[in-house]
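Protein chains in written order, with the numbering used here: chain H, 1256 to 1402; chain L, 111 to 318. Built from N, CA and C at the ideal position, the CB exists for glycine as well.
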């Protein structure tokens, strides 16, 4: 091929290829979804429609549900904390009211306390003097019906 | 040679065990009380022990009589068991109350710088007596249980041995109970009264 030939390729002015203007938003292909759309996009029925309002509907409901649940959980936590703090507040006065006999400890012996101790031992002893507790013939043949 | 040595050692060990058991039973018989059965013993072991202790020799006539009445006696024992338990539990609770009063009293006396050594010894003796009573009652209850379990028609000698053992324990319980009461009345209470008198004298001296 001769360079003088007007059909020689380098003699023709170079034409810049037209820039392909891509849209700013993501391109949602109805047939071949990209890797991003595979993660984000809702089920295929929604994709086919390719309507933004329809796709964000369930997401919005989900967000509202999560927010509602969080608020409810927070309310429950607040109620529990308040009830626990009120209970501990009620217990505190009970702890401070101690039995005076415990706090005072053992008292030194006096004639009176000794006499009281002797009297209560006497009372306990008298309750043991029941002759029916150990009748002498309880296990005899006659008592057991063996003649 | 080694086998011969180990055989001799085994025989010696067995002989010592038998000797110890025989001595234990003989001591119990000499004291007139049944020996405590070993802990975790089986019914058969206890029955053999009671037979050895009581040395029952029933002639044919007596054996037949025991066989004819033993079921009725077993029934009577079954009925008296709850009352015996109740009596023993009440007594044990009362003994422990008395011991508690004594313990507090000793503490109070110590606070007034009294010499409580003798009273503490008395208390230790009381606790020992209470423990002995509880042990005897446990053995008594177990013997009553064995009386209910034994096939008295097949083994009248064993039944009679168990019944006599229960009677011995019952007598022992009554004796120990009376002993505790008299110990408290004749030893502990006078000692406490002595302290009370001393404290009264002390307070009189302080007032005058």
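- The beta carbon of residue 250/L sits no closer than 7 Å to any beta carbon of chain H.
- At least one C-beta of chain L is nearer than 7 Å to the C-beta of residue 1363/H.
- Taken through DSSP and simplified to helix, strand or coil, residue 1386/H comes out as coil.
- In this structure residue 246/L is buried. Its beta-carbon is surrounded by 16 or more other beta-carbon atoms within 10 angstroms.
- With respect to chain H, the C-beta atom of residue 149/L has no partner C-beta closer than 7 Å.
- Under the 7 Å criterion on CB atoms, residue 1369/H is classed as interfacial with respect to chain L.
- Chain-ordered, the chain L residues with CB closer than 8 Å to the CB of residue 1373/H read 299, 302, 303 and 306.
- Against residue 208/L, the close residues of chain H are 1376 and 1379, in the order they occur along the chain (beta-carbon pairs closer than 7 Å).
- Contacts with chain H at 7 Å (Cβ-Cβ) include residue 222/L.
- When 7 Å is used as the limit between beta carbons, residue 162/L is near no residue of chain H, the shortest such separation being about 21 Å.
- The C-beta of residue 1388/H comes closer than 7 Å to at least one C-beta of chain L.
- 296/L is the residue among 296/L, 313/L and 159/L whose C-alpha sits nearest the C-alpha of residue 1377/H.
- Against chain L, the CB of residue 1382/H has a partner CB under 7 Å away; the residue lies at that interface.
- Per the coordinates, the alpha-carbon of residue 258/L lies some 39 Å from the alpha-carbon of residue 211/L.
- Counting the other Cβ atoms within 10 Å of the Cβ of residue 243/L gives 16 or more, which makes it buried.
- Close to chain H, meaning a Cβ-Cβ distance shorter than 8 Å, are the following residues of the region 267 to 282 of chain L: 273, 276, 277 and 280.
- Counting C-beta pairs closer than 8 Å gives three or more between the region 268 to 280 of chain L and the region 154 to 166 of chain L, which meets the contact rule.
- Going by C-alpha positions, residue 273/L is about 29 Å away from residue 204/L.
- The DSSP-derived three-state label of residue 313/L is helix.
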